[in-house]
Every structure is written in structure tokens, then in C-alpha cells.
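For the sequence shown, the numbering used here gives the first residue as 558, with consecutive numbering after it.
Heads up, the beta-carbon is just placed ideally off N, CA and C, and yes, glycines get one too.
Predicted model only: the values in this text are computed from it and were never measured.
What follows is a short report on a single structure.
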Amino acid sequence: MYAYIEASGKQEGDLAYLESTVNIPTGSVCLKFDYHMYGKHVGSLEVVYENVTYFHEAGDKGDQWRTASITLTNTDSTKDQKIRFIASRGNGFKGDIAIDNIEVARDSVMILLRDV
């Protein structure tokens with residue numbers, strides 16, 4: 558799954574959201590994804606899980622893909638949880654953010670993201 562936010566035609570601070578509902582087993586899992594943040598006006602990218610920010614990057618990271626791995630912990634497997642990617646636009650049109658290859662894994666078992 559690939560998602561991209563275009564900076565052109567937007568205002569500084571505008572936000573783009575990608576949210577998925579998952580049912581993570583009790584315990585810890587690894588959220589892994591690739592991201593690309595390029596251009597002198599890049600804003601920020603963050604990952605929020607159960608209203609807690611687990612990942613935050615801001616600014617130009619060069620014209621290359623990077624991989625992030627985040628440990629998420631769930632204490633209640635009886636309810637679905639939300640993973641939210643939030644990208645913000647910087648102070649100009651020269652800066653884009655993309656994410657790809659989103660995976661949630663525990664003990665080599667993949668949990669598929671729904672409603673993406």
C-alpha cells in the first residue's frame with residue numbers, strides 16, 4: 558500500500574491522515590513501514606497508536622526511502638485499535654511525503670491493515 562501527500566496547492570500546516578483499524582493481540586508487535594520525505598519545505602510525519610505518538614520525523618530526509626520499525630504494545634485484545642499516520646505540509650510547495658510497505662508483525666505472523 559502506497560500513500561503520498563502532495564505539497565502543491567495546500568496551505569502550511571494542512572494535514573493528511575491515513576487511519577487503519579487493527580486487532581493487535583495482547584503484548585507487543587512491530588509496526589514497520591518505509592517513508593520518503595524530500596524537499597526543502599517538507600513538514601512532518603508521525604504515527605499515532607491509541608492516542609500516543611510513537612514516531613515523529615520532520616524536515617527533508619533526502620531523496621531516499623527510509624525504513625522505520627516501531628514497537629507497539631496492546632493491553633486489551635478485546636477491542637480494535639487505530640493506527641494513524643499523520644503528514645503535515647511545510648511552509649512551501651517544495652516538499653512531499655510518502656509511505657509504503659506498511660506491516661504489523663508478531664512472531665513472524667502478519668496482521669493485515671483494514672480500511673486503508
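Rounded separation between residue i and residue j - CA only
| i | j | result |
| --- | --- | --- |
| G596 | G616 | 8 Å |
| A655 | V586 | 23 Å |
| S601 | G584 | 29 Å |
| L629 | S565 | 33 Å |
| K651 | T635 | 44 Å |
| N631 | I640 | 12 Å |
| Y611 | I627 | 7 Å |
| E569 | S577 | 25 Å |
| S645 | I581 | 27 Å |
| A560 | D633 | 29 Å |
Candidates the options, of which the one nearest residue i by Cα
| i | options | result |
| --- | --- | --- |
| E603 | V586, A625 and C587 | A625 |
| N658 | H613, W622, T610 and Y611 | W622 |
| H598 | P582, I562, Q638 and Y574 | I562 |
Where residue i falls, given that 16 or more other Cβ within 10 Å makes a residue buried
| i | result |
| --- | --- |
| A662 | exposed |
| M594 | buried |
| D637 | exposed |
| L572 | exposed |
Bridge partners - residue i, DSSP secondary structure assignment
| i | result |
| --- | --- |
| H613 | E603 |
| F590 | A625 |
| E576 | R641 |
| T630 | S585 |
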